[in-house]
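Numbering (this note's numbering), first residue to last: 7 to 245.
Below: one structure, written as structure tokens.
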């Protein structure tokens, strides 16, 4: 999820705190750098290119590989190439990938359910297997695991799986934290399906926040001692 709206906001926050080498992995990647100047700056790709250039202006080295984190062979191949090229070892993971597919259980077949789970949960498992030696392993979960709503069973299941993985990693003595976030505006919640999730959560008293606000909370949240925490603006009277 490195080139999504949330991923880029978190990357910016990390860069401002001193990170100097970032790998922004995503399924789509970016056009070849030689084509960046020809890319429409108002297009989604153009906006992502501008965000990467802004990171580079802070002195950050940015890799943007087009890799589906749910494809273990593709991730392994990238890591092998990365090591062969002599780059510094990867010291941490922030996993934000996910798919929101709103549908009721009786409208969901197994392939649709697995498709919604693949990038978020299977991708996290892949990173857990292929990167055993890390200083941090941060998983972006959702408060919908605590306050579920209609139509997002696969999404909730994937996030619950992330929280279980964080607990499992801690039991193995390796770093992990799953942050059950409230709703970040933008990113995969920018479409009508995501807006419906935000509206339903708001009706329940659970607010949302801009990506910049969430990014400002990121380093604090990631440093908390518990393996699973929740971060959300909640109106408890309404809830």
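The beta carbon of each residue, even a glycine, is placed where N, CA and C say it ideally should be.
| request: Could you work out which residue in 180, 178 and 148 is closest to residue 166 when comparing CA atoms only? | output: 148
| request: Would you list, in sequence order, the uninterrupted beta strand (DSSP E) runs of no fewer than 3 residues that lie entirely inside the region 28-91? | output: 67-69
| query | Can you tell me where the beta strand (DSSP E) with residue 127 in it begins and where it stops? | reply | Counting along the chain, residue 127 falls outside any beta strand (DSSP E), and DSSP gives it neither H nor E.
| Does DSSP classify residue 242 as helix, strand or coil? | Correct three-state label for residue 242: coil.
| task | Pick out whichever of 42, 120 and 64 has its Cα sitting closest to the Cα of residue 28. | result | Residue 28 has its Cα closest to that of 64, out of 42, 120 and 64.
| message | Cutting at 6 angstroms between CB atoms, please list the residues of its own chain near residue 176, excluding the five before and the five after it. | response | Only residues of its own chain outside the window of five on either side were considered, and among them 182 and 233 have a CB closer than 6 angstroms to the CB of residue 176, listed in chain order.
| Of the residues 18, 152 and 84, the one placed nearest residue 235, counting alpha carbons only | 152
| Sub-7 angstroms separation of residue 11 and residue 216 beta-carbons | In this structure, residue 216 does not lie closer than 7 angstroms to residue 11 by Cβ.
| query | Since residue 184 is in the beta strand (DSSP E), which residue starts that stretch and which ends it? | reply | First-last of the beta strand (DSSP E) with residue 184: 183-187.
| said: Quick check on residue 70: buried or exposed, where buried means 16 or more other Cβ atoms within 10 Å of its Cβ? | reply: Residue 70 should be labelled buried.
| message | Check this for me: beta carbons of residue 85 and residue 7, under 7 angstroms apart or not? | response | no
| field | Unbroken stretches of the beta strand (DSSP E), 3 residues or longer, contained in the region 101-178 | value | List check, beta strand (DSSP E) in window: 142-148.
| Buried or exposed: which applies to residue 2, given that a residue is buried once 16 or more other Cβ atoms fall within 10 Å of its Cβ? | The structure shown has nothing for residue 2, since the chain only spans 7 to 245.
| said: Nearest by alpha-carbon distance to residue 187: which of 54, 237, 200 and 25 is it? | reply: 237
| By a C-beta neighbour count over all protein chains shown, 10 Å radius and 16 as the cutoff for buried, is residue 93 buried or exposed? | exposed
| query | So is residue 97 buried or exposed if we call it buried at 16+ other beta carbons inside 10 Å? | reply | exposed
| message | I need the straight-line Cα distance from residue 24 to residue 50, nearest angstrom please. | response | 27 angstroms
| field | Close-in-space but distant-in-sequence residues of the same chain around residue 191 (CB under 6 angstroms, 5 per side omitted) | value | Cβ neighbours of residue 191 beyond the five flanking positions: 214 and 216.
| field | Test item: CB-CB of residue 144 and residue 100 under 7 angstroms | value | Closer than 7 angstroms, so yes.
| said: By DSSP's criteria, residue 235 is part of a beta bridge. Which residues make up the other side? | reply: The partner list for residue 235 (beta bridge, DSSP) reads 185.
| said: Quick check on DSSP: helix, strand or coil for residue 93? | reply: coil
| said: Can you find the residues in the same chain that come closer than 6 angstroms, C-beta to C-beta, to residue 224, ignoring five residues on each side of it along the sequence? | reply: Closer than 6 angstroms at Cβ, skipping near neighbours: 16 and 19.
| query | Taking DSSP as the reference, what is the three-state secondary structure of residue 24? | reply | Coil.
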